[in-house]
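Numbering (our numbering), first residue to last: -15 to 167. Yeah, the Cβ is synthetic: ideal placement off N, Cα and C, and Gly gets one too. Source: prediction; values computed, not measured.
In structure tokens, the structure reads:
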């Protein structure tokens, strides 16, 4: 059976808006349903990616319950709302804290490799779209092409991605252009 192509999508800061909070050293996931805000282009971007024949797989670090920032019940409501709206082909996540050293947690490539094994994915012809160094690094380590969504919090010149865009829809349109040119 021929290998498949996938687009791995980060959740927070990519499919939904990340939240800036006082006292936190980085952007966070929403901690309540009231904070959940989807990227305005998420539906169209997901359709373009699907129409191009890519599997759409969410790969997300979700340590906030383990850190005590959000209840399991509220986290589940948020995550189920994301899955219902985005309708990915699959979702891989690591719920461990940074300190746990889990090989699945981005910037490690564990989630991408597990997805590749499950879905027979050719990682060299696949992409990861995300908003952080951890996303791009996981994709690079897994052998994927990488697209970073430029955000005010990630203008670090050390983050080298295959492509830099400002919007999720621009990332999907970039994939469409590559497909049209047979790249």
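Nearest to residue 37 by C-alpha distance, out of -13, 80, 45, is -13.
For the pair residue 162 and residue 25, the Cα-to-Cα distance works out to about 20 Å. By the criterion of at least three beta-carbon pairs nearer than 8 Å, the stretch 67 to 75 is not in contact with the stretch 105 to 117. For residue 132, the enclosing beta strand (DSSP E) has its first and last residue at 129 to 133. Cβ atoms of residue 42 and residue 82 stay farther apart than 8 Å, at about 20 Å. In this structure, residue 142 sits near residue 117, with a CB-CB distance shorter than 9 Å. Going by DSSP, residue 28 is part of the alpha helix (DSSP H) stretching over 26 to 35. Per the C-alpha coordinates, the member of 7, 11, 33 positioned closest to residue 157 is 33. A distance below 8 Å between beta-carbons, with the five flanking residues on each side excluded, links residue -2 to the following residues of its chain, in chain order: 23, 113, 114, 115, 119, 133, 152. For residue 138, the closest of 5, 6, 11 by C-alpha to C-alpha distance is 11. For the pair residue -9 and residue 39, the CB atoms are nearer than the 9 Å cut-off. Within 10 angstroms of the beta-carbon of residue -11 lie 16 or more other beta-carbons, which makes it buried.
Here DSSP, grouped into helix, strand and coil, assigns residue 77 to strand. Between the beta-carbon of residue 16 and that of residue 58 there is about 6 Å, and that keeps the pair under the 8 Å contact cut.
With fewer than 16 other beta carbons inside 10 angstroms of its own, residue -15 counts as exposed.
Closest by C-alpha distance to residue 92, out of 4, 21, 148, 128, is 128. Going by DSSP, residue 97 is part of the alpha helix (DSSP H) stretching over 94 to 103.
In the structure shown, residue 126 adopts helical secondary structure according to DSSP, grouped into three states.
Excluding five sequence positions before and after residue 54, the CB atoms of its chain that fall closer than 6 Å to its own CB belong to 15, 48, given in chain order.
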